[in-house]
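>
Number of protein chains: 2
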Amino acid sequence: MTYNFFAGPAILPKPVLEKAAQAVKSFEDLDLSILEISHRSPQFVAVMDKAEANVRSLLNVPEDYAVLFLTGGASSQFYFTAMNLLGENETAGYIDTGTWSNKAIKEAKLFGNIKVLASSKDKNYSYIPKDFDIPSGLKYIHLTSNNTISGTQYQEVPDYGVPLVCDMSSDIFSKPIDIKKFDLIYAGAQKNLGPAGVTLVIVKKDVLGKIERDIPTMLDYRTHIAKGSMFNTPPAYPIYVSMLTMEWLLENGGVNAMQKRNEEKAALIYGEIDRNPCFKGSVHADDRSRMNVTFLPTNEAFVEPFLAMAKEARCVGLAGHRSVGGFRASTYNSMNIEGVQKLVDVMQAFAKKHN
Amino acid sequence: MTYNFFAGPAILPKPVLEKAAQAVKSFEDLDLSILEISHRSPQFVAVMDKAEANVRSLLNVPEDYAVLFLTGGASSQFYFTAMNLLGENETAGYIDTGTWSNKAIKEAKLFGNIKVLASSKDKNYSYIPKDFDIPSGLKYIHLTSNNTISGTQYQEVPDYGVPLVCDMSSDIFSKPIDIKKFDLIYAGAQKNLGPAGVTLVIVKKDVLGKIERDIPTMLDYRTHIAKGSMFNTPPAYPIYVSMLTMEWLLENGGVNAMQKRNEEKAALIYGEIDRNPCFKGSVHADDRSRMNVTFLPTNEAFVEPFLAMAKEARCVGLAGHRSVGGFRASTYNSMNIEGVQKLVDVMQAFAKKHN
Chain G
1 MTYNFFAGPA
11 ILPKPVLEKA
21 AQAVKSFEDL
31 DLSILEISHR
41 SPQFVAVMDK
51 AEANVRSLLN
61 VPEDYAVLFL
71 TGGASSQFYF
81 TAMNLLGENE
91 TAGYIDTGTW
101 SNKAIKEAKL
111 FGNIKVLASS
121 KDKNYSYIPK
131 DFDIPSGLKY
141 IHLTSNNTIS
151 GTQYQEVPDY
161 GVPLVCDMSS
171 DIFSKPIDIK
181 KFDLIYAGAQ
191 KNLGPAGVTL
201 VIVKKDVLGK
211 IERDIPTMLD
221 YRTHIAKGSM
231 FNTPPAYPIY
241 VSMLTMEWLL
251 ENGGVNAMQK
261 RNEEKAALIY
271 GEIDRNPCFK
281 GSVHADDRSR
291 MNVTFLPTNE
301 AFVEPFLAMA
311 KEARCVGLAG
321 HRSVGGFRAS
331 TYNSMNIEGV
341 QKLVDVMQAF
351 AKKHN
Chain U
1001 MTYNFFAGPA
1011 ILPKPVLEKA
1021 AQAVKSFEDL
1031 DLSILEISHR
1041 SPQFVAVMDK
1051 AEANVRSLLN
1061 VPEDYAVLFL
1071 TGGASSQFYF
1081 TAMNLLGENE
1091 TAGYIDTGTW
1101 SNKAIKEAKL
1111 FGNIKVLASS
1121 KDKNYSYIPK
1131 DFDIPSGLKY
1141 IHLTSNNTIS
1151 GTQYQEVPDY
1161 GVPLVCDMSS
1171 DIFSKPIDIK
1181 KFDLIYAGAQ
1191 KNLGPAGVTL
1201 VIVKKDVLGK
1211 IERDIPTMLD
1221 YRTHIAKGSM
1231 FNTPPAYPIY
1241 VSMLTMEWLL
1251 ENGGVNAMQK
1261 RNEEKAALIY
1271 GEIDRNPCFK
1281 GSVHADDRSR
1291 MNVTFLPTNE
1301 AFVEPFLAMA
1311 KEARCVGLAG
1321 HRSVGGFRAS
1331 TYNSMNIEGV
1341 QKLVDVMQAF
1351 AKKHN
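First to last, the protein sequences are chains G and U. Heads up: the first sequence begins at 1 in the working numbering, then just goes up one per residue. Heads up: the second sequence begins at 1001 in the working numbering, then just goes up one per residue.
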């Protein structure tokens, strides 16, 4: 058993992988691979319907919101959202909590006025900004709910009195959320949802079509709403595996159970970080991510030997991002508590040897 | 054995599906699924490198052309190409050979002057226009090399003295092509290349960056060239399966062998259409597609019983597109001659019974 702590593409549940492999060989009773059936076949239409239903069920998505499966990743949603929601003379507020927020800000600037309301850049993005003014007249406020690189996360959805647009790529389905606080949520699949190649969008339908701009057909959310994400051939297999992952989530208690499990994993690993003399946390304790646990060695010389010892114990993907250094353990939904315990065991063994 | 004649997503070679299923369970010696490994891992970087190398090798792509693996399908390339290549005051010529050309024309109009140089709409797109004037000053001429719906195909790459931009989604890798005649080629994967979810682009590098336009980062080909199609997380699995399919193509004689095989299949099926009293071709004989063989019943009452008899023989996906009617047998690279022979057998048995 290898424990994969990479920030993404992330691990998927074993039962999902079993079914996903079987479908590549032969899907249902078709004697054809899922990779080679028509996306208009009743069998694949059922997959799409189920994928949407699973999102709605897991997150209690109200009827006035559309659920879309698109491509291009969150990186495409950085411009896609502003292109569809923000008029040339309108203003949107953005909160800068790191690399991904910054990219969203850069792309949105092509389409309207962007005001950066707050930033934690002053402390290398080690906290979530909380105290800042909200100017009037904002079309929306954009935030990145979880920051994979620095390891910070909004513990609660903030209430600014302005609709939110949120990059939820790395913590969607990890806990319940109140969809009604958002005009739009987007998420690349490859953390808690499925394999790379599909992007989930949840959008309040009546916020669309309110701006004057010529938008290419494929870049207009309304195209995809009208055609149930099948205006053109969708990324069929990534959607199928995402559907299976959501089925697994539902069978395992849904987002409430995931939240409980993720809190247990976080308590275990952060507890060890705080206790262990060889390691220390790298972000403000109140803003610690439940998805990407970043931590630093108390002595720089510990980095290589700790990674080596972890690898020996088959814990891989623990090197921190170069902008933070140290270590990062990504503990998405599919990481079980045994994996986190294994990592904690390595940390304790390391301390015994090196302290 | 089921023979899948659907227009796409199309069948893939059996050995490819075997390897593709295995990699979902466990990839190489990693004890991890290919769906859950980092796209920055050496193992996946090797997949990307090999995918590009295979394209270059199969099509003899010169060094001054980039090979990209993007998302969004050909439908996204309809605007993407014009957005990157055509200045606001420049003019491009488009040839209208059916539904897909039409969509390309519609999207390109958002970015510059579009002149439709010729159209076969007058005869329900049953031929490829050949005799028309080429005005001077065109930035490029866009064509759809194979028309999946009507069943027409350019037999040779036309020489207009103007660089070509080509939607080659449904016949790429089916025969050799001279890349140097094109500024840009794009192709959704799901016919001859791999599963849905990845789009191949081959672009001459020095035609980029020549226009004044603010382009979102993800919609600028240069972004993806600079990062080897890994600016953001790529659609890893569709790329992997495409790489395997190209490996299979190379092992089976490359595009020269495919051309030979595709010609044999075409001779077999079109020969039967011309001979059989129950069927007739639906397009101009010179323009018949080697990928999507469209044909009509000589009596409308034949449609349902023929489809039923074919299904009995496990030949599926033969219903014609509603805009043409009758039948369509898609005979992409992975369809073997036995499958086509099976269909011909059914046609002959049908004629015996009904004529």
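Ideal Cβ positions, reconstructed from N, Cα and C, are used throughout, including at glycine.
How would you list, in chain order, the residues of chain U whose beta-carbon sits under 7 Å from the beta-carbon of Pro216 of chain G?
Counting from one through the first sequence, the residue named residue 216 of chain G turns up at place 216. In chain order: Tyr1079, Glu1107, Leu1110.
> Within 8 Å (strictly less), CB to CB, does Ser1038 of chain U reach chain G?
Your numbering for residue 1038 of chain U matches position 38 in the second sequence. Yes, Ser1038 of chain U counts as interfacial toward chain G.
> Going along the chain, which residues of its own chain have a beta-carbon closer than 7 Å to the beta-carbon of Ile1114 of chain U, five neighbours each way excluded?
Here residue 1114 of chain U is taken as the residue at index 114 of the second sequence, counted from 1. Excluding residues within five positions, the ones whose Cβ falls inside 7 Å are Ala1092, Tyr1094, Ile1105, Ala1108.
> Residues of the segment 1210-1234 of chain U in Cβ contact with chain G at a cutoff of 9 Å, in chain order, please.
Taking 9 Å as the Cβ-Cβ cut-off against chain G, the residues of the segment 1210-1234 of chain U that qualify are Asp1214, Ile1215, Pro1216, Thr1217, Met1218, Leu1219, Phe1231, Asn1232, Thr1233, Pro1234.
> Can you give me the C-alpha to C-alpha distance between Pro277 of chain G and Phe1078 of chain U, rounded to a whole angstrom?
Taking the first sequence and counting its residues from 1, one reaches residue 277 of chain G at position 277. Taking the second sequence and counting its residues from 1, one reaches residue 1078 of chain U at position 78. Counting only the Cα atoms, Phe1078 of chain U lies some 58 Å from Pro277 of chain G.
> What residue from G:Leu30, G:Val255, G:Pro297, G:Ala236 has the CA that sits closest to Val47 of chain G's CA?
Residue mapping note: residue 47 of chain G aligns to position 47 of the first sequence, counting from 1. For the residues G:Leu30, G:Val255, G:Pro297, G:Ala236, the minimum Cα distance to Val47 of chain G belongs to G:Ala236.
> Can you give the Cα-Cα distance for Asn256 of chain G and Phe173 of chain G, rounded to whole angstroms?
Numbered from 1 along the first sequence, position 256 holds the residue referred to as residue 256 of chain G. Numbered from 1 along the first sequence, position 173 holds the residue referred to as residue 173 of chain G. If I take the Cα positions, the gap works out to 9 Å.
> Could you check whether the Cβ of Glu201 of chain G sits closer than 8 Å to any Cβ belonging to chain U?
Walking along the first sequence from the start, residue 201 of chain G turns up at place 201. Per the sequence shown, the amino acid found at residue 201 of chain G is Val instead of Glu. With 8 Å as the cut-off, Val201 of chain G does not count as an interface residue toward chain U.
> Please state whether the Cβ-Cβ distance between Phe350 of chain G and Phe295 of chain G is less than 8 Å.
Locating residue 350 of chain G in the first sequence gives position 350, where the first residue counts as 1. Locating residue 295 of chain G in the first sequence gives position 295, where the first residue counts as 1. Not closer than 8 Å, so no.
> From Asp1345 of chain U to Val1293 of chain U, what distance separates their C-alpha atoms?
Numbered from 1 along the second sequence, position 345 holds the residue referred to as residue 1345 of chain U. Numbered from 1 along the second sequence, position 293 holds the residue referred to as residue 1293 of chain U. Looking at the two C-alpha atoms, the distance is approximately 16 Å.
> Check each residue of the segment 1071-1105 of chain U: if its Cβ is closer than 7 Å to any Cβ of chain G, include it; give the result in chain order.
Thr1071, Gly1072, Gly1073, Ser1075, Ser1076, Tyr1079
> Buried or exposed, going by whether 16 or more other CB atoms sit within 10 Å of the CB of Asp1096 of chain U?
Here residue 1096 of chain U refers to the residue found at position 96 when the second sequence is read from its first residue. Asp1096 of chain U is buried by the Cβ-count criterion.
> Kindly indicate which residue of U:Asp1122, U:Glu1304, U:Ser1242 has the alpha-carbon position closest to the one of Phe1327 of chain U.
What you label residue 1327 of chain U is simply residue 327 of the second sequence in a count that begins at 1. Residue U:Glu1304 is the option with its Cα nearest to Phe1327 of chain U.
> Can you list the residues of chain B that Ser33 of chain G reaches, using a CB-CB cut of under 7 Å?
Included in the structure are the protein chains G and U, with no chain B among them.
> Taking DSSP as the reference, what is the three-state secondary structure of Arg40 of chain G?
Counted from its first residue, the first sequence places residue 40 of chain G at position 40. Of the three classes helix, strand and coil, the one that applies to Arg40 of chain G here is coil, per DSSP.
> Looking at C-alpha atoms only, which residue of G:Asn299, G:Asn54, G:Met168, G:Val201 is the closest neighbour of Phe279 of chain G?
Position 279 of the first sequence, counted from the start, is the residue given in the question as residue 279 of chain G. Closest by alpha carbon: G:Asn299.
> Looking at chain G, is there any beta carbon in it that lies within less than 8 Å of the beta carbon of Pro1238 of chain U?
Residue mapping note: residue 1238 of chain U aligns to position 238 of the second sequence, counting from 1. The C-beta of Pro1238 of chain U comes closer than 8 Å to at least one C-beta of chain G.
> DSSP three-state label for Ser1076 of chain U, please.
Numbered from its first residue, the second sequence carries residue 1076 of chain U at position 76. DSSP places Ser1076 of chain U in helix when its eight states are reduced to three.
> For Thr1002 of chain U, which residues in chain G fall below 8 Å Cβ to Cβ?
Counted from its first residue, the second sequence places residue 1002 of chain U at position 2. Here the neighbours are Leu30, Asp31, Leu32.
> Suppose the cutoff is 7 Å on Cβ atoms and the five residues either side in sequence are ignored; what does the same chain contact list for Ala1066 of chain U look like?
Translated into the one-based positions of the second sequence, residue 1066 of chain U becomes position 66. The residues are Val1203, Lys1205, Ile1225.
> Taking only beta carbons into account, state which residues of the segment 320-343 of chain G come closer than 9 Å to chain U, listed in chain order.
Of all residues in the segment 320-343 of chain G, Ser334 have a Cβ within less than 9 Å of some Cβ in chain U.
> Expressed to the nearest angstrom, what Euclidean distance is found between the alpha-carbon atoms of Lys50 of chain G and Met243 of chain G?
Here residue 50 of chain G refers to the residue found at position 50 when the first sequence is read from its first residue. Here residue 243 of chain G refers to the residue found at position 243 when the first sequence is read from its first residue. Approximately 7 Å between the Cα atoms of the pair.
> Between Val157 of chain G and chain U, is there a C-beta pair that is closer than 8 Å?
Here residue 157 of chain G corresponds to residue number 157 of the first sequence, with the count starting at 1. Taking Cβ atoms only, chain U never reaches closer than 8 Å to Val157 of chain G, which makes this a no.
> Can you tell me where the alpha helix (DSSP H) holding Ile1239 of chain U begins and where it ends?
The residue labelled residue 1239 of chain U in the question sits at position 239 within the second sequence. Annotation: the continuous alpha helix (DSSP H) that includes Ile1239 of chain U extends over 1236-1251.
> Compare the C-alpha of Gln436 of chain G against each of G:Gly161, G:Pro163, G:Met168, G:Lys210 and name the closest.
This structure cannot speak to residue 436 of chain G, because chain G is shown only from 1 to 355.
> Can you check DSSP and say which residues form a bridge with Ala1319 of chain U?
Here residue 1319 of chain U refers to the residue found at position 319 when the second sequence is read from its first residue. U:Phe1327, per the DSSP bridge assignment.
> Within 8 Å of any Cβ in chain G, is that where the Cβ of Pro1042 of chain U sits?
Within the second sequence, numbered from 1, the residue matching residue 1042 of chain U stands at position 42. No Cβ of chain G is located within less than 8 Å of the beta carbon of Pro1042 of chain U.
> When the Cα atoms are used, what is the spatial distance from Gly317 of chain G to Asn4 of chain G?
Residue numbering aside, residue 317 of chain G sits at position 317 when the first sequence is read from its first letter. Residue numbering aside, residue 4 of chain G sits at position 4 when the first sequence is read from its first letter. Approximately 6 Å between the Cα atoms of the pair.
> Thr1144 of chain U by DSSP, collapsed to three states: which one?
Locating residue 1144 of chain U in the second sequence gives position 144, counting from the first residue. Three-state DSSP puts Thr1144 of chain U in a strand.
> Please report how far the alpha carbon of Lys1175 of chain U lies from the alpha carbon of Lys25 of chain G, in whole angstroms.
Locating residue 1175 of chain U in the second sequence gives position 175, counting from the first residue. Locating residue 25 of chain G in the first sequence gives position 25, counting from the first residue. Answer to the nearest angstrom: the Cα atoms are 28 Å apart.
> Going by the CB atoms, is the gap between Lys1180 of chain U and Pro1062 of chain U shorter than 8 Å?
Counting from 1 along the second sequence, the entry for residue 1062 of chain U is found at position 62. Counting from 1 along the second sequence, the entry for residue 1180 of chain U is found at position 180. Taking 8 Å as the Cβ cut-off, Pro1062 of chain U and Lys1180 of chain U qualify as a contacting pair.
> What does a CB cutoff of less than 7 Å around Gly1339 of chain U pick up in its chain, not counting 5 residues either side in sequence?
Numbered from 1 along the second sequence, position 339 holds the residue referred to as residue 1339 of chain U. Closer than 7 Å at Cβ, skipping near neighbours: Tyr1003.
> Can you check the segment 252-307 of chain G for any beta strand (DSSP E) of at least 3 residues that lies completely inside it and give the ranges in chain order?
279-281, 292-297
> Is the segment 180-199 of chain G touching the segment 155-169 of chain G, taking contact as three or more C-beta pairs under 8 Å?
yes
> Please identify, using Cβ separations under 7 Å, the residues of the segment 1182-1201 of chain U that lie next to chain G, in order along the chain.
Gly1188, Gln1190, Pro1195, Ala1196, Gly1197
> When Cβ atoms are compared, which residues of the segment 1125-1150 of chain U fall closer than 7 Å to chain G?
Listed by position, the residues of the segment 1125-1150 of chain U near chain G (Cβ gap below 7 Å) amount to none.
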